[in-house]
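Chains as they are written, first to last, in the numbering used here: chain A, 3 to 311; chain B, 509 to 707. Okay, so here's the structure we're looking at.
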């Protein structure tokens, strides 16, 4: 594989995995359809609730095998797939695992612990495969749980997979309506889970979609992610170069340390390097590891490094 | 007026304090931590240490046997943490309303602007570390770092909670509230005595 310099990295084709979760009726499906060139994998009859002007191609699937087959057929034809809802997809996976792998079923017919392992692995595999071909939007319904005065919004999905579904996602947002306005919350709070990245954070208002207006909110957001990534990569280029040089120099300085009297000059030399990113902390930590290996310690009385007696 | 003595603070002391608001025995545990009493190791803590030792040995080039109980999560974590500096000890002087404070922390892993903390949690749930003072504390200790990631395993799966610097609150606010609490509960003298930098 050729090595690519940061200045030559191209993020224009980076595919994004995003979770959108919200209570029923907040407009998740319509929002998801604002991503570029969408195919909706509809397990929830979500398209029926979308304004006809904003409908896109949809595949109505009843089994996991149908989902996989339609996704395969969509390769090269769409830029984004929307899984509506991902909770239903996990149920399909459960049913598929029980049909195809005896380990997934308990003797009494229930779903086994190994079965959960199978669907978790499958979800991670599917996400990784889909990312190679599409942007992916996983939609989840939410339940609102109230404990004392505290409200928490939780994904409607099989319990043990709840933590895992966030793992492949670049971004995750809670969609909610407050005082008549819709917001996506990208920063996790005590009320909801979320995932912030690439400079997309906090609350972002989703404008009301008026008749005749294009439904392109997520297309614009994804463009912003790619633009932020490109800017971040360019701005870090010099720091990364300095980091690489400083780490190489620090490694040489540390390797030369053999005796207690070498330690302080080595520490000063590391501090004096032209640093980038976290190279100073890492270089000094390398020095500490080395003196530990050599059995050298700081002696408070003589205020100098000495060999451990 | 004599100058305030320089005091040390760690994320674990702040964590113990925050637990006083969450559990019935939180206050007693906090008092023990404030008085620097060593806690007996729980099974979960021992598992965590064993896991991290195993991970570090793999990062140092050892190979795990194919039937190792943690082969999958350790392999996944090792791929991500390869080349990182381990157990980075850091100190930083800050000032909280005229009180000189020495922040002290040990980062599990540091590489090229990224901090990781490895957690072993058999019952991990989402946002488990959302309000952990470890995040702002360590990002303050390493001002050049972009983000802090908790890389978590339940022994089978690997989870991540990543906190970019821009969404993490300032540690100064938490320390300020902590100091107010200590003064309100007549614990300030104990703190100065037990956590003086000279101790």
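Even for Gly, the Cβ is constructed at its ideal location relative to N, Cα and C.
Residue range of the unbroken alpha helix (DSSP H) whose run includes residue i
i, result
"residue 104(A)", "Neither: residue 104(A) is in no alpha helix (DSSP H) and is coded neither H nor E."
"residue 536(B)", "534-542"
"residue 712(B)", "Missing from the structure shown is residue 712(B); chain B here goes from 509 to 707 and no further."
"residue 184(A)", "It is not in any alpha helix (DSSP H) - residue 184(A) instead sits in the beta strand (DSSP E) that spans 183-187."
"residue 271(A)", "262-274"
"residue 131(A)", "115-135"
"residue 583(B)", "579-589"
"residue 517(B)", "Residue 517(B) -> not in any alpha helix (DSSP H); beta strand (DSSP E) instead, spanning 515-518."
"residue 72(A)", "66-76"
"residue 700(B)", "696-702"
"residue 555(B)", "551-567"
"residue 157(A)", "Taken as a continuous stretch (DSSP letters only), residue 157(A) belongs to no alpha helix (DSSP H), being part of the beta strand (DSSP E) at 152-157."
"residue 32(A)", "30-34"
"residue 648(B)", "642-649"
Those residues which DSSP pairs with residue i across a bridge
i, result
"residue 309(A)", "298(A)"
"residue 655(B)", "622(B) and 672(B)"
"residue 207(A)", "185(A)"
"residue 197(A)", "174(A)"
"residue 163(A)", "DSSP lists no partner for residue 163(A)."
"residue 705(B)", "None, per the DSSP bridge assignment."
"residue 147(A)", "154(A)"
"residue 612(B)", "518(B) and 599(B)"
"residue 607(B)", "604(B)"
Residue i, enclosing beta strand (DSSP E) - first and last residue
i, result
"residue 246(A)", "Not the beta strand (DSSP E): residue 246(A) falls in the alpha helix (DSSP H), residues 219-258."
"residue 595(B)", "593-604"
"residue 23(A)", "19-24"
"residue 173(A)", "173-180"
"residue 60(A)", "59-62"
"residue 41(A)", "40-44"
"residue 84(A)", "82-86"
Own chain, CB closer than 8 Å to residue i, minus 5 neighbours either side, in chain order
i, result
"residue 705(B)", "513, 514, 515, 516 and 610"
"residue 307(A)", "262, 263, 265, 266, 293, 298, 299, 300 and 301"
"residue 519(B)", "613, 640, 641, 642, 645 and 646"
"residue 107(A)", "100, 113, 114 and 117"
"residue 97(A)", "65 and 66"
"residue 245(A)", "277, 278, 279, 280 and 281"
"residue 249(A)", "281, 284 and 285"
"residue 688(B)", "none"
Presumed contact (8 Å Cβ cut-off) between residue i and residue j, rounded CB distance
i, j, result
"residue 19(A)", "residue 172(A)", "5 Å"
"residue 567(B)", "residue 590(B)", "7 Å"
"residue 217(A)", "residue 35(A)", "6 Å"
"residue 76(A)", "residue 83(A)", "6 Å"
"residue 669(B)", "residue 637(B)", "5 Å"
"residue 125(A)", "residue 149(A)", "That belief does not hold up - the Cβ atoms of residue 125(A) and residue 149(A) are roughly 28 Å apart, past 8 Å."
"residue 605(B)", "residue 684(B)", "7 Å"
Residues near residue i in its chain [Cβ-Cβ closer than 7 Å; skip 5 each side]
i, result
"residue 24(A)", "30, 144, 176, 177 and 178"
"residue 57(A)", "49"
"residue 44(A)", "60, 61, 62 and 86"
"residue 72(A)", "43, 61 and 63"
"residue 122(A)", "163 and 166"
"residue 1(A)", "With chain A covering only 3 through 311, there is no way to say anything about residue 1(A)."
"residue 309(A)", "262, 297 and 298"
"residue 524(B)", "537, 538 and 541"
"residue 662(B)", "629, 630 and 632"
"residue 286(A)", "269 and 272"
"residue 509(B)", "With a pLDDT of 45 at residue 509(B), under the threshold of 50, the modelled position of that residue is not reliable, and the figure given next carries that caveat. Nothing listed; no residue qualifies."
"residue 251(A)", "275"
"residue 81(A)", "38, 39, 136 and 137"
"residue 221(A)", "36, 37 and 38"
"residue 686(B)", "522 and 525"
"residue 690(B)", "696 and 699"
Chain-order list of residues whose beta-carbon lies under 6 Å from that of residue i (same chain, five-residue window excluded)
i, result
"residue 184(A)", "208"
"residue 608(B)", "514"
"residue 598(B)", "613 and 649"
(request) Check each residue of the region 241-257 of chain A: if its Cβ is closer than 7 Å to any Cβ of chain B, include it; give the result in chain order. (result) 245
(request) Closer than 8 Å, Cβ to Cβ, to anything on chain B: give me those residues from the region 185-201 of chain A, in chain order. (result) 189, 190, 191, 192, 195, 197, 198, 199 and 201
(request) Using a Cβ-Cβ cut-off of less than 9 Å, give me the residues of the region 266-296 of chain A that come near chain B, in sequence order. (result) 277, 278, 279, 280, 281, 282, 283, 284, 285, 286, 287, 288, 290 and 291
(request) Please name the residues in the region 627-655 of chain B whose beta-carbon is closer than 7 Å to at least one beta-carbon of chain A, in chain order. (result) 632, 633, 634, 635, 638, 650, 652 and 653
(message) Give me the subset of the region 143-175 of chain A whose CB atoms are less than 8 Å from a CB atom of chain B, sorted by chain position.
(response) 164, 165, 166, 168 and 169
(request) Using a Cβ-Cβ cut-off of less than 8 Å, give me the residues of the region 200-227 of chain A that come near chain B, in sequence order. (result) 201, 203 and 204
(request) Select from the region 110-135 of chain A all residues with a C-beta closer than 8 Å to any C-beta belonging to chain B, and list them in chain order. (result) 119 and 122
(message) Short of 9 Å Cβ to Cβ, which residues in the region 596-624 of chain B face chain A?
(response) 596, 597, 598, 615, 618, 619, 620, 621, 622 and 623
(message) At a CB distance below 9 Å, what residues from the region 667-694 of chain B approach chain A? Give them in sequence order.
(response) 667, 668, 669, 670, 671, 672, 674 and 675
(message) Which residues of the region 515-549 of chain B have a Cβ closer than 7 Å to any Cβ of chain A? Give them in chain order.
(response) none
(request) Report the residues of the region 560-582 of chain B with a CB closer than 9 Å to any CB of chain A, ordered along the chain. (result) none
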